[in-house]
Amino acid sequence: MKENNCIFCKIANGEIPSATVYEDEDFRVILDLSPASKGHALILPKEHYANLFELDDELAAKVLPVAKEVVSKMKEILHCDGYNLVQNNGEVAGQTVHHFHLHLIPRYEGDDVGIQWKPGTLSEEVKEEILSKLR
Ligand code: AMP
Ligand code: ZN
Numbered sequence: 017m018k019e020n021n022c023i024f025c026k027i028a029n030g031e032i033p034s035a036t037v038y039e040d041e042d043f044r045v046i047l048d049l050s051p052a053s054k055g056h057a058l059i060l061p062k063e064h065y066a067n068l069f070e071l072d073d074e075l076a077a078k079v080l081p082v083a084k085e086v087v088s089k090m091k092e093i094l095h096c097d098g099y100n101l102v103q104n105n106g107e108v109a110g111q112t113v114h115h116f117h118l119h120l121i122p123r124y125e126g127d128d129v130g131i132q133w134k135p136g137t138l139s140e141e142v143k144e145e146i147l148s149k150l151r
């Protein structure tokens with residue numbers, strides 16, 4: 017399914033031109049228009065899924081192999097020093113385009129890409145709460 021007013025549906029299906037670095041029957045991988053670093057790319061499924069919770073399981077299983085292929089190739093040409101894979105779900109998590117996408121962000125020694133959080137401490141109480149609810 018495609019969604020009418022979704023820009024990533026239009027890009028993924030070639031209705032809007034994009035800087036495509038990889039394409040197969042399920043995905044298009046494009047360069048991000050506002051990159052966090054040189055070579056920042058996005059994996060877009062051609063079908064519309066708003067986020068990870070909606071993503072089809074069969075398609076989900078294909079995302080990481082595509083990521084591995086693309087970052088391996090990009091690392092060769094960019095000579096970057098590392099990579100972050102980032103995937104936001106929900107506005108509170110920073111999602112601005114509600115069509116599933118996986119960010120592939122090359123990292124360079126000394127860059128100022130700010131993917132960080134303040135480490136907390138896992139308390140016994142919270143650990144027990146979570147583990148008991150999962151049982
Ligand atoms: P997120 O905040 O995880 O939803 O990421 C959305 C990403 O899409 C951002 O990094 C934007 O820079 C990028 N973006 C938005 N519109 C376009 C577009 N037309 N072409 C390429 N990248 C886009
Ligand atoms: Zn879409």
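Residue numbers for the sequence shown follow our numbering, so the first one is 17 and each next one is one higher. Positions of the beta carbon are idealized from the N, C-alpha and C atoms, including for glycine.
DSSP, reduced to helix, strand and coil, places Ala76 within a helical segment of the structure shown. Counting of Cβ neighbours within 10 angstroms places Leu49 among the exposed residues, the total staying below 16. At least one heavy atom of the ligand AMP lies closer than 6 angstroms to the C-beta of Gly110. The alpha-carbon of Ala52 is positioned some 9 angstroms away from that of Pro122. When Ser148, Val108, Val102 are compared, the shortest CA-CA separation from Gln132 is found for Val102. Within the stretch 72-144, the runs of beta strand (DSSP E) that reach at least 3 residues and sit entirely inside it are, in chain order, 98-102, 118-123. If you draw a straight line from the Cα of Asn100 to the Cα of Leu60, it comes to about 17 angstroms. Scanning its chain for C-beta atoms nearer than 8 angstroms, with the 5 sequence neighbours on each side dropped, one finds around Ala35 the residues Ile46, Leu47, in chain order.
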